[in-house]
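*Asks:* Count along the sequence shown from 1, then add 38; that gives the number in the numbering used here. The structure that follows is given in the form of structure tokens.
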Amino acid sequence: MTFTVHGLAVSRGIAIGRAVIVASSRIDVAHYFVKPEQVEGEITRLRDARKAVVEEVHKVQKNLHELDPADAHPELSALLDVHLMLLQDEQLRSGVKTWIVDRHYNAEWALTTQLEVIARQFDEMEDPYLRERKADLEQVVERMLRVMRGAGSPVAAPPSGPAKKQDKALLDPTVDVPLVLIAHDLSPADMLQFKQSVFAGFVTDVGGKTSHTAIVARSMDIPAVVGARTASHLIIQDDWVIIDGDQGVVVIDPSPVLLAEYGAKQRLGELERERLSRLKNTPAVTLDGQRIELLANIEQPQDTAAALNAGAVGVGLFRTEFLFMGRSGKLPDEEEQFQAYRRAVEGMQGLPVTIRTVDVGADKPLDRTAARAGEDHLNPALGLRAIRWSLSEPAMFLAQLRAILRAAAFGPIHLLIPMLAHASEIRQTLALIDRAREQLTASATEYGPVRLGAMIEIPAAALTIPMFLRHFDFLSIGTNDLIQYTLAIDRADEAVAHLYNPVHPAVLHLLASTIAQCRAQGKGVSVCGEMAGDVAMTRLLIGLGLRSFSMHPAQILAVKQQILRCDTSKLGAWAQSVLSAEDPAALMSD
Ligand code: PEP
Ligand code: MG
């Protein structure tokens, strides 16, 4: 029976495919397709893992008995019997095999998929004793995964890069059945991992439109809906699902009529993309001859290919924190970072690259489990994030600064600092940049010049622009956080997503005055928050005087199309009327 779930539209387009439900705790399990000739090997790997776990359990049973033969720990012994029974469970064994044989999932993916299927059945059981057996099943599967992890994967993981049709055709025998990922929650690091995966779309129960999870989904340029609340409970493994990333709607078990309707929409979207691709080499110039700079936001050095492909004239924001995430606390050292920044700079072939120093914290934890124990009551968005964290870890920060300065010897780099608000933070940051240069000089290490920029993303910063202009060469407005902090709306919380309003008069005033003050002093200013890539905002931002936009590569051509239709001489007065309106949104379509 067809039904729909509503969430927040975060990444455009339509995806139609079968659901793969992934439990948040098992997101780091590898998901890839194996070749037909590797199927047998995967089944053997599973069989070996099961055998190893059975032996492990037998050993524990034996030890129990030997340790204390008088008291054979009847409860523990019974529990181990349950584990042995689950390991032989026919539904688990045959189900896993089916996912490998029919769908060519790798062994770990097949195992966790079948676990989800059976776990749902446990959830629905009336008998509390039987319901609790779900935890035992999870433990058994976890043990098998651990064994497989220890043994390593004999099958090569798929080629890196977003799952493209042609990649899938190489690997996926079921190429006609795209897969869409359904999860309760995905961290930004999880999303990044899925960038190299096979999924054609994403749905999560939680998350806001400008949460970092949504941002990575957008950078992958595949349809995504977040904040769909109960989607991961309502949808079951292998359901047919339509994700409408434009409207924020998920259709489950669609009727043939709906499938045809969305299929037609999907083809229209593809045609529109094809049409836009012709603008790649067209300069972004308005009708009255004003040149607009269109830059790319990237998360990884390899994203520079997409940036160039979209016709970006540089990188306006390299979110370096993605190099730091999901590494179990082991941060990248100076050399590893230097190589990454150098790759980004060389990838842009002489065009400037704006590298932002690490911005972890808030909804970008270093690791899924990195939330500090006992601090659940704190609000991480107001806590030790971005430059605050960097200044509290000077050795880590200095290593990053040295890596960036060294990469600047290979091409033009703009060094951007996130979340500054205080004069003392500016002073400390500048002093550390000087120290990093001194250290490199002292060790006779080559480095290059950088232009220095500050992010304006805290209202306190937007209200003290002259101080920033005294110390920095350019400013970059982070509207995602500027809106969050101006309106006191957690950007990752779907419960207040309706209040997240980019055209609230307060936000527009901060934006307008920042742009005007930079222009008056001849300093560069750009917007690198999600607002820059939203075509509904292009005219307004140009009317407010903005001439530099930084966004996901996939958004560049649509924004360029808007720019080609703009006449800046007419937009100024209109933008001022929007700015002074009580309800600016009402004037946006004038
Ligand atoms: C912003 O806040 O607008 C921004 C670009 O930074 P981030 O989204 O990474 O916080
Ligand atoms: Mg920010």
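For each residue, glycine too, the CB sits at the ideal point set by N, CA and C.
#1: State the CB to CB distance for the pair glutamine 477 and arginine 440, rounded to an integer number of angstroms; the pair is presumed to be in contact (CB under 8 Å).
#2: Roughly how many angstroms separate the alpha carbons of serine 235 and alanine 57, rounded to a whole number?
#3: So is the beta-carbon of glutamate 495 under 7 Å away from any non-hydrogen atom of ligand 1?
#4: With a Cβ-Cβ cutoff of 8 Å, do lysine 685 and histidine 250 count as a contact?
#5: If you compare alpha carbons, which of Asp127, Ser49, Ala350 and Thr42 is closest to glycine 239?
#6: Could you check what DSSP says for threonine 342 in three-state terms: helix, strand or coil?
#7: Under three-state DSSP, which class holds isoleucine 59?
#8: Give the secondary structure of serine 618 by DSSP, where H, G and I count as helix, E and B as strand, and everything else as coil.
#9: For serine 627, which three-state DSSP category applies?
#10: Provide the residue span of the beta strand (DSSP E) that contains phenylalanine 376, from first to last.
#11: Which one of Asp472, Ala474, Leu595 and Glu620 has the shortest CA to CA distance from valine 545?
#12: At the level of alpha carbons, what is the spacing between valine 641 and arginine 444?
#13: Assign threonine 324 to one of two classes, buried (16 or more other C-beta atoms within 10 Å of its C-beta) or exposed (fewer than that).
#14: For ligand 2, I want to know if aspartate 519 counts as a neighbour, meaning its beta carbon is within less than 7 Å of at least one of the ligand's heavy atoms.
#15: With distances taken from CA atoms, which of Gly286, Ile253, Trp137 and Leu175 is nearest threonine 42?
#16: Which residue or residues does DSSP assign as beta-bridge partners of phenylalanine 331?
#17: Please report the distance separating the alpha-carbon of glutamate 93 from that of threonine 342.
#18: To the nearest angstrom, how far is it from the Cα of arginine 169 to the Cα of leucine 117?
#19: Quick check: does the Cβ of aspartate 165 come within less than 7 Å of any heavy atom belonging to ligand 2?
#20: Can you find the residues in the same chain that come closer than 7 Å, C-beta to C-beta, to glycine 307, ignoring five residues on each side of it along the sequence?
#21: Determine the DSSP secondary structure at methionine 123, reduced to helix, strand or coil.
#22: Less than 7 Å between the CB of leucine 230 and some heavy atom of ligand 1, yes or no?
#23: Where DSSP assigns a beta bridge to tryptophan 278, which residues make up the other side?
#24: Under 7 Å: does the beta carbon of proline 456 sit that close to some heavy atom of ligand 2?
#25: Which two residues bound the contiguous alpha helix (DSSP H) that contains histidine 250?
#26: What beta strand (DSSP E) runs, 3 residues minimum, are completely inside the region 472–516?
#27: Can you say whether glutamate 75 is buried or exposed, counting buried as having 16 or more other CB atoms within 10 angstroms of its CB?
#28: Based on the DSSP secondary-structure assignment, which residues constitute the bridge partners of threonine 632?
#29: Which of the three DSSP states, helix, strand or coil, is assigned to threonine 524?
#30: Given that a residue counts as buried once 16 or more other Cβ atoms are within 10 Å of its Cβ, and exposed if not, what is glycine 199?
#31: Is glycine 491 near ligand 2, in the sense that its beta carbon is under 7 Å from a heavy atom of that ligand?
#32: Buried or exposed for serine 225, going by 16 or more other Cβ atoms inside 10 Å?
#33: Cβ of alanine 354 within 7 Å of any heavy atom in ligand 2?
#34: Taking the alpha-carbon of aspartate 405 as reference, which of Met258, Leu124 and Leu230 has the nearest alpha-carbon?
#35: Can you name the start and end residues of the beta strand (DSSP E) that arginine 50 belongs to?
#36: Give the secondary structure of valine 178 by DSSP, where H, G and I count as helix, E and B as strand, and everything else as coil.
*Replies:* In short, the structure shows the following:
#1: Within the sequence shown, numbered from 1, the residue matching residue 477 stands at position 439. Within the sequence shown, numbered from 1, the residue matching residue 440 stands at position 402. Right, their Cβ atoms sit about 6 Å apart.
#2: Start at 1 with the first residue of the sequence shown, and residue 235 comes out as number 197. Start at 1 with the first residue of the sequence shown, and residue 57 comes out as number 19. Serine 235 and alanine 57: Cα-Cα distance of roughly 14 Å.
#3: For the purposes of this step, residue 495 is taken as residue 457 along the sequence shown, with counting starting at 1. Glutamate 495 Cβ: within cutoff of ligand 1.
#4: Lying outside 39 to 628, the shown extent of the chain, residue 685 is not represented and no answer is given.
#5: Numbered from its first residue, the sequence shown carries residue 239 at position 201. For glycine 239, the nearest C-alpha among the options comes from Ser49.
#6: The sequence position of residue 342 within the sequence shown is 304, counting from 1. Three-state result, threonine 342: helix.
#7: Walking along the sequence shown from the start, residue 59 turns up at place 21. Isoleucine 59 falls in the strand class under three-state DSSP.
#8: Here residue 618 corresponds to residue number 580 of the sequence shown, with the count starting at 1. In this structure, serine 618 counts as coil in the three-state DSSP scheme.
#9: Taking the first residue of the sequence shown as 1, we reach residue 627 at position 589. DSSP places serine 627 in coil when its eight states are reduced to three.
#10: Your numbering for residue 376 matches position 338 in the sequence shown. Per DSSP, phenylalanine 376 belongs to no beta strand (DSSP E); it is in the alpha helix (DSSP H), 372–385.
#11: Taking the sequence shown and counting its residues from 1, the one referred to as residue 545 is at position 507. Among Asp472, Ala474, Leu595 and Glu620, the Cα nearest to that of valine 545 is on Glu620.
#12: Because the chain spans 39 through 628 in this model, residue 641 falls outside it and cannot be assessed.
#13: Locating residue 324 in the sequence shown gives position 286, where the first residue counts as 1. Under this definition threonine 324 is a buried residue.
#14: If you number the sequence shown from 1, residue 519 lands on position 481. Annotation for aspartate 519 indicates a beta carbon within 7 Å of some heavy atom of ligand 2.
#15: For the purposes of this step, residue 42 is identified with residue 4 of the sequence shown, where counting begins at 1. Out of Gly286, Ile253, Trp137 and Leu175, Gly286 has the C-alpha closest to the C-alpha of threonine 42.
#16: As a position in the sequence shown, residue 331 is number 293, starting the count at 1. Here residue 331 turns out to be glutamate, not phenylalanine, going by the sequence shown. Its beta-bridge partners are Ser586.
#17: For the purposes of this step, residue 93 is identified with residue 55 of the sequence shown, where counting begins at 1. For the purposes of this step, residue 342 is identified with residue 304 of the sequence shown, where counting begins at 1. Rounded to whole angstroms, glutamate 93 to threonine 342 spans 49 Å at the Cα level.
#18: Translated into positions along the sequence shown, residue 169 becomes position 131. Translated into positions along the sequence shown, residue 117 becomes position 79. Roughly 14 Å between the two C-alpha positions.
#19: For the purposes of this step, residue 165 is identified with residue 127 of the sequence shown, where counting begins at 1. No, the beta carbon of aspartate 165 sits no closer than 7 Å to any heavy atom of ligand 2.
#20: In the sequence shown, residue 307 corresponds to position 269, counting from 1. Taken in chain order, the residues that qualify are Gly51 and Ile52.
#21: Counted from its first residue, the sequence shown places residue 123 at position 85. Three-state result, methionine 123: helix.
#22: Here residue 230 is taken as the residue at index 192 of the sequence shown, counted from 1. Leucine 230 Cβ: outside cutoff for every heavy atom of ligand 1.
#23: By one-based count along the sequence shown, residue 278 stands at place 240. Answer is Arg56, bridged to tryptophan 278.
#24: The residue given as residue 456 occupies position 418 in the sequence shown. True, at least one ligand heavy atom lies under 7 Å from that Cβ.
#25: Position 212 of the sequence shown, counted from the first residue, corresponds to residue 250. Element bounds for histidine 250: 250–258.
#26: 488–494 and 512–515
#27: By 1-based counting over the sequence shown, the position of residue 75 is 37. With fewer than 16 neighbouring CB atoms inside 10 Å of its own CB, glutamate 75 falls in the exposed class.
#28: As displayed, the chain neither begins before 39 nor continues past 628, which places residue 632 out of reach and without an answer.
#29: As a position in the sequence shown, residue 524 is number 486, starting the count at 1. Helix, per DSSP.
#30: Against the sequence shown, residue 199 aligns to sequence position 161. Bear in mind that the predicted position of glycine 199 carries a pLDDT of just 35, short of 50, making it unreliable; the figure below should be weighed with that in mind. Exposed is the call here.
#31: As a working note, residue 491 is residue 453 in the sequence shown. No, since every heavy atom of ligand 2 falls outside the 7 Å radius drawn around the Cβ of glycine 491.
#32: On the sequence shown, position 187 is the one that residue 225 refers to. Around the Cβ of serine 225, a 10 Å sphere holds 16 or more other Cβ atoms; the residue is buried.
#33: Taking the sequence shown and counting its residues from 1, one reaches residue 354 at position 316. The sequence as given places glycine at residue 354; alanine does not occur at that position. For ligand 2, not one heavy atom lies less than 7 Å from the Cβ of glycine 354.
#34: Numbered from 1 along the sequence shown, position 367 holds the residue referred to as residue 405. Cα-wise, what sits closest to aspartate 405 is Leu230.
#35: Along the sequence shown, one-based indexing puts residue 50 at 12. Looking at the DSSP string, arginine 50 is not in any beta strand (DSSP E), and its letter there is neither H nor E.
#36: By 1-based counting over the sequence shown, the position of residue 178 is 140. DSSP places valine 178 in helix when its eight states are reduced to three.
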